[in-house]
Each structure stands twice: as structure tokens, then as C-alpha cells.
Amino acid sequence: MPFVIFLLAFWLNGCALLAIGAAGAAGGYAISSDGIEGISDKSYDHVWQTASEVLGKQGVIEIQDKTQGKINAKVGGSKIKFQMEQATAKSVIVRVQARRMWRAFPDMNLARRIYSMIMKETDYTRMP
């Protein structure tokens, strides 16, 4: 019963917590009304490099600031905001937000796709 109340609290708050079984993932990600957030156990530099490559291949990077962990890109007709921050010595929080049509409407399918691509690539590539 407490678990049901816990899930209900997230649902009523506009968030859903989903468990995923991907190797290298810290156990899950959160979906809000306009973005996706999760934790990677890869290094800051590795996640940054991977995100830059994925966003560069998928669209056009408009702003890139490694020290602040921010990348703004345009993919198709949508604007992507990628943000990351060091959570612990061995983990990084990753956020992807996608908006279309003058940034008025969330593009959750694109946010989910970009997030998944970044997390998948961090697991399959190695830093030199």
C-alpha cells in the first residue's frame, strides 16, 4: 500500500518514475511534462563528449558550454535543451528537454529519443 501511495504522489505531481534495466544506467529516469532526467554512472567528460556527438549528428548545435554542462540544439523543428551536472564523484545527472512550435509545446517523443541515444552511446563507447 505505501508503494501505491508513492506512485500516486508522482502521478499527481505530473511526474512518473520508470525503472529501466539498461546496463550502466543507475536504475531509472524521471519524466516530467516537458523533459526527461536520469543518472549516468559514466564520467562527466564521457557523457559530455557523447551528448555533443549525438546532438551534432541529429541536428545543429547552437550553444555549447561544457563548464555549465549546457547544450542548446535544433533538431528538425524542435529546440533541444541538454543539461548535465556532477551529482557525485562517480555519477552525472542528465536532463533533456525538447520543445516545438515557438517553444510552446513539449516534444516528448524527441526528448525521449535524444535521451535514450545519449545514454545508450555512453554505455557502448569508451573514452580514450
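As numbered in our numbering, residues 1 to 128 make up the sequence shown, in order. Glycine residues also receive a C-beta, built at the ideal position from the N, C-alpha and C atoms.
Would you kindly work out how many angstroms separate the C-alpha atoms of residue i and residue j, rounded to a whole number?
i	j	result
Val60	Arg112	18 Å
Ala73	Val54	11 Å
Asp65	Glu121	20 Å
Thr67	Asp45	10 Å
Using a threshold of 8 Å, state whether the C-beta atoms of residue i and residue j are closer than that.
i	j	result
Ile114	Ile80	yes
Ile39	Ala87	yes
Met35	Val96	Residue identity check: residue 35 is Gly in the sequence provided, not Met. In this structure, Val96 lies closer than 8 Å to Gly35 by Cβ.
Ser78	Asp41	no
Val75	Gln58	yes
Met101	Val92	no
Ser52	Ile71	yes
Where does residue i fall in DSSP's three states?
i	result
Gly76	coil
Gly59	coil
Met119	helix
Asp45	helix
Taking its Cβ as the centre, do 16 or more other Cβ atoms sit within 10 Å of residue i, making it buried, or is it exposed?
i	result
Gly69	buried
Tyr29	buried
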